[in-house]
Amino acid sequence: MIKIEAFKCLDGKIFESETAANRWEIKIRNSKKAQKIWDDGYSLAVALAACYDGAFDVAFCTKFNKDTLLKISHWQCKDVPGYGIMRFNPDDTVFVYGNVGAWTGPYGRDVKMDELFSILENQK
């Protein structure tokens, strides 16, 4: 028999090392902080810069806020914006969700930052 030691974070995620658990807890706090900033109506640039220590190039994100709808052509049939950033996740993804009248109905999923930036760069 062996003794196993693990560290459980606030969200239930388990890590073998205390350092990894502490890093995850920081990411949880940062994502909650980004969510609060976003919900308060600040731009995506402000939310990301305040919470992710400049890990992302966010200068072009100043024109996007919680009221901005995105056009994600590979998700939708219509050529109109209909998706919004709903939630910041601690794993450096955001949940994007919307309804552009597709036959399958509303759609959403977690999107990695590099994919999000690609989507944002294509907005006209």
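Position one of the sequence shown corresponds to residue 16 (my numbering), numbered consecutively onward.
Heads up, the beta-carbon is just placed ideally off N, CA and C, and yes, glycines get one too.
Between which residues of its own chain and residue i is the CB-CB distance below 6 Å, once the five residues before and five after are set aside?
| i | result |
| --- | --- |
| T77 | S58 and A60 |
| N45 | C66 |
| K48 | C66 |
| K42 | P105 |
Hey, could you find the ends of the beta strand (DSSP E) residue i is sitting in?
| i | result |
| --- | --- |
| I19 | Where I19 is concerned, there is no enclosing beta strand (DSSP E), given that its DSSP letter is neither H nor E. |
Round the Cβ separation of residue i and residue j to the nearest angstrom and send it over; I've been treating them as touching at under 8 Å.
| i | j | result |
| --- | --- | --- |
| P121 | Y112 | 7 Å |
Report all residues from its chain with a CB closer than 7 Å to the CB of residue i; omit the five preceding and five following residues, and keep chain order.
| i | result |
| --- | --- |
| R102 | Q50, V109 and F110 |
| F79 | S58, L59 and L135 |
| A21 | I29, F30 and E31 |
| A74 | A60 |
| A117 | Q91 and C92 |
| V126 | T108, V109 and V111 |
Kindly indicate the opening and closing residues of the alpha helix (DSSP H) around residue i.
| i | result |
| --- | --- |
| D129 | M128 to E136 |
Enumerate in chain order the residues of its own chain whose CB-to-CB distance from residue i is below 8 Å, with the five nearest sequence positions on each side excluded.
| i | result |
| --- | --- |
| S88 | D94 and N137 |
Pull the bridge partners of residue i from the DSSP assignment, please.
| i | result |
| --- | --- |
| I29 | K23 |
| R124 | V111 |
Checklist entry - Which runs of the beta strand (DSSP E) fall wholly inside the region 51 to 120 and span at least 3 residues, in chain order? => result 98 to 103 and 108 to 113
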